[in-house]
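Undergrad:
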Amino acid sequence: MKWSQIPLGVLQTNCYIVESPDKSCLIFDPGSEGKRLIKWLSKRELKPIAIFLTHAHFDHIGAVDEVRDFYDIPVYIHEEEEDWLVNPALNGSKFFKMQELIQMKKADYILKKEETITINNFMFSILETPGHSPGSVSYYFESEGFVVSGDALFKSSIGRTDLPGGNHKQLMKSIHDKLLFLPEETVVLSGHGPITTIGEEMDGNPFLNGF
């Protein structure tokens with residue numbers, strides 16, 4: 059099992075591809091540049107089987123329908139943001155001047171609780187990590203030692219909470235209770251910027267002083 063990081067769009071949102079030896083793969087947060095992403099996957103002869111969203115801000119969902127329709131695969135999102143895909147006011151694209159309005163079709167599957175998901179050769183846990191947005195989730199691949207954290211935790215930073223539905227206190231609780239609880243060697247695949255580890259952020263993240 060291995061992962062790849064592909065920054066997409068104006069905000070360079072990280073899309074992650076997690077692939078198994080049989081060339082099947084999962085797509086996390088296809089935020090923009092659908093044609094480029096499809097070309098990248100085709101070049102490597104990968105076979106996507108599902109799209110999982112950490113949350114539904116516009117920069118994380120912009121290529122959802124293009125990729126979903128091309129591969130005829132389902133999309134998963136947390137129930138707290140079930141309506142955000144179809145609503146530019148909720149996903150934020152209505153208020154971002156450099157961005158066209160983003161309206162995707164509804165997700166195929168709604169995540170309603172923390173659970174372990176098995177799909178083909180992939181097994182991972184859903185961690186509810188709200189705060190940056192109310193339906194933010196992280197995807198923890200325990201056996202592989204990494205977590206797709208979306209915009210909850212970054213290298214030397216944390217997600218912003220000044221957008222609609224953001225809650226700083228809730229985000230700090232999510233990071234402390236769900237992410238910092240993971241083994242220190244866990245690799246953190248963040249929604250923007252470089253990768254990091256739980257241990258690095260426990261030791262050096264200025265926003266986590268006291269944790």
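With this note's numbering, letter number 127 in the sequence shown gets 185, and the count goes up by one each step, no holes.
Cβ atoms here follow ideal geometry from the backbone N, Cα and C, with glycine treated the same way.
#1: Please determine if the segment 149 to 164 and the segment 213 to 220 are in contact, where contact requires at least 3 C-beta pairs separated by less than 8 Å.
#2: At what residues does the beta strand (DSSP E) containing Met162 begin and finish?
#3: Got a sec? Which residues, its chain only, sit under 7 Å from Gly120 by beta carbon, not counting five neighbours each side?
#4: Pick from Ser191, His115, Glu138: whose alpha carbon is nearest that of Met230?
#5: Let me confirm a value: Thr187 is counted as buried when at least 16 other C-beta atoms fall within 10 Å, else exposed. Which label applies?
#6: I need the DSSP call for Val68, collapsed to helix, strand or coil.
#7: Relative to the alpha-carbon of Asn178, which residue among Asp87, Thr255, Ser78, Ser201 has its alpha-carbon at the smallest distance?
#8: Less than 7 Å between the C-beta atoms of Phe182 and Tyr198, yes or no?
#9: Kindly provide the ranges of any beta strand (DSSP E) runs that are 3 or more residues long and lie completely inside the segment 170 to 217, ordered along the chain.
#10: Check whether the Cβ atoms of His113 and Gly223 lie closer than 7 Å to each other.
TA: Taking the geometry as given:
#1: With the cut-off at 8 Å, the segment 149 to 164 and the segment 213 to 220 do not touch.
#2: For Met162, no beta strand (DSSP E) run applies, since DSSP gives it neither H nor E.
#3: Non-local beta-carbon contacts of Gly120 in its own chain, meaning distances under 7 Å to residues more than five positions away in sequence, involve Gly67, Gly89, Ser90, Ile160 in chain order.
#4: Selection Ser191, His115, Glu138 evaluated against Met230 yields Ser191 as nearest (Cα-Cα).
#5: Classification of Thr187: buried, given that the 10 Å Cβ count is 16 or more.
#6: DSSP places Val68 in coil when its eight states are reduced to three.
#7: Closest in alpha carbon position to Asn178, among Asp87, Thr255, Ser78, Ser201, is Ser78.
#8: Cβ distance < 7 Å, so Phe182 and Tyr198 count as in contact.
#9: Within the segment 170 to 217, the runs of beta strand (DSSP E) that reach at least 3 residues and sit entirely inside it are, in chain order, 174 to 177, 180 to 186, 195 to 199, 204 to 208.
#10: No, the Cβ-Cβ distance between His113 and Gly223 is not below 7 Å.
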